[in-house]
Amino acid sequence: MTFPRFYPIFDSADWLRRALPLGVRLVQIRLKDLPPDRLLGELALCRALCHDHGATLVVNDHWQAAMDLDCDFIHLGQEDLDTADLPAIRKAGLRLGISTHDHAELDRAMALGPDYIALGPVWPTILKKMKWEQQGLERVSEWRRLVGATPLVAIGGVTPERALEAFAAGADIASVVTDITLNPDPESRIRDWLRVTA
199 MTFPRFYPIF DSADWLRRAL PLGVRLVQIR LKDLPPDRLL GELALCRALC HDHGATLVVN
259 DHWQAAMDLD CDFIHLGQED LDTADLPAIR KAGLRLGIST HDHAELDRAM ALGPDYIALG
319 PVWPTILKKM KWEQQGLERV SEWRRLVGAT PLVAIGGVTP ERALEAFAAG ADIASVVTDI
379 TLNPDPESRI RDWLRVTA
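Take any residue in the sequence shown, count from 1 to its spot, add 198: that is its number in our numbering.
And the structure:
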């Protein structure tokens with residue numbers, strides 16, 4: 199699979215309704231703190247929206263729900279790897295993206311044969327408190343060498359302008375959250391991203 203270079207992350211189907219008609223073709227849904235019935239309902243809606251727009255949906259964390267709904271892609275953080283049933287995930291045919299922040303995590307992730315590796319935060323991020331300092335573009339270039347042909351996602355503090363720097367450093371894909379969700383005109387910002395990453 200050749201991935202689109204623009205990879206936004208959203209926390210509701212409402213965001214997908216806004217982004218997908220603009221041309222977004224790879225999107226992650228990150229749902230937190232929902233009861234199981236609402237979680238399944240929201241994921242099912244996201245899956246249907248992505249199907250209708252020819253987009254790839256990546257489900258963050260909720261691998262069992264993704265399997266139950268016959269989704270085709272999940273993203274797991276390092277903590278999620280501790281509890282995920284990886285043989286079942288592979289048996290179900292789910293594609294897998296994995297977050298990494300240091301060499302030990304990268305080694306662990308690469309041993310699982312992921313469909314992409316994410317590195318972050320490349321720049322400072324306001325999304326969540328993290329124990330890692332910004333990784334910087336040199337680390338992006340280092341990861342590029344270490345992951346070989348595995349697609350590399352840069353995340354954390356990325357803007358359209360910084361995405362170009364990340365691509366030059368070796369990233370294949372730029373992932374973004376707050377640069378869109380906190381923008382006063384998210385649709386316009388999505389169009390900026392699509393132009394830069396076309």
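For each residue, glycine too, the CB sits at the ideal point set by N, CA and C. Predicted model, so just to flag it, every value in this text is computed and none were measured.
Here's the rule: buried if 16 or more other CB atoms are within 10 angstroms of the residue's CB, otherwise exposed. What is residue i?
{"i": "ASN381", "result": "exposed"}
{"i": "ASP212", "result": "exposed"}
{"i": "ARG236", "result": "exposed"}
{"i": "PRO285", "result": "exposed"}
{"i": "ALA263", "result": "buried"}
{"i": "ARG389", "result": "exposed"}
In this structure, what does DSSP give as the bridge partners for residue i?
{"i": "VAL257", "result": "ILE227 and ILE272"}
{"i": "PHE317", "result": "Checking the sequence, you will find Leu at residue 317 rather than Phe. Bridge partners of LEU317: THR298 and ALA352."}
{"i": "ALA372", "result": "PHE204 and ALA352"}
{"i": "ARG245", "result": "Answer is none; ARG245 lacks a bridge partner."}
Quick check: the Cα distance between residue i and residue j, rounded to an integer number of angstroms?
{"i": "LEU310", "j": "LEU294", "result": "9 Å"}
{"i": "TRP261", "j": "ASP300", "result": "23 Å"}
{"i": "PHE365", "j": "ALA372", "result": "8 Å"}
{"i": "THR200", "j": "LEU224", "result": "11 Å"}
{"i": "LEU218", "j": "VAL356", "result": "20 Å"}
{"i": "GLY221", "j": "ARG343", "result": "31 Å"}
{"i": "PRO322", "j": "GLY354", "result": "6 Å"}
{"i": "GLU363", "j": "ARG215", "result": "29 Å"}
{"i": "LYS230", "j": "ILE207", "result": "13 Å"}
{"i": "GLY334", "j": "VAL351", "result": "13 Å"}
{"i": "ASP250", "j": "ALA396", "result": "21 Å"}
{"i": "VAL256", "j": "GLU340", "result": "25 Å"}
{"i": "VAL374", "j": "PRO358", "result": "9 Å"}
{"i": "ASP278", "j": "PRO349", "result": "20 Å"}
{"i": "ALA253", "j": "TYR314", "result": "17 Å"}
{"i": "ASP283", "j": "SER386", "result": "40 Å"}
{"i": "GLY239", "j": "ARG228", "result": "14 Å"}
{"i": "CYS248", "j": "PRO384", "result": "19 Å"}
{"i": "PRO319", "j": "THR379", "result": "17 Å"}
From the options, pick the residue whose C-alpha is nearest to that of residue i; which is it?
{"i": "ASP259", "options": "ILE287, LEU247, ASP250 and GLY252", "result": "ILE287"}
{"i": "ASP280", "options": "VAL351, GLU303, ARG389 and ILE378", "result": "GLU303"}
{"i": "VAL394", "options": "LEU224, THR200 and PHE204", "result": "PHE204"}
{"i": "LEU243", "options": "SER210, ARG342, LEU220 and ASP377", "result": "SER210"}
{"i": "ILE296", "options": "PHE271, ALA290 and ASP212", "result": "PHE271"}
{"i": "LEU274", "options": "GLU363, GLY252, MET308 and ASP250", "result": "MET308"}
{"i": "MET265", "options": "ASP283, ASP250 and ALA290", "result": "ALA290"}
{"i": "ASP377", "options": "ALA369, ARG360, ASP370 and GLY368", "result": "ARG360"}
{"i": "ALA367", "options": "THR379, SER386, ILE324 and LEU317", "result": "LEU317"}
{"i": "GLY346", "options": "GLN332, GLU331, ASP370 and ILE324", "result": "ASP370"}
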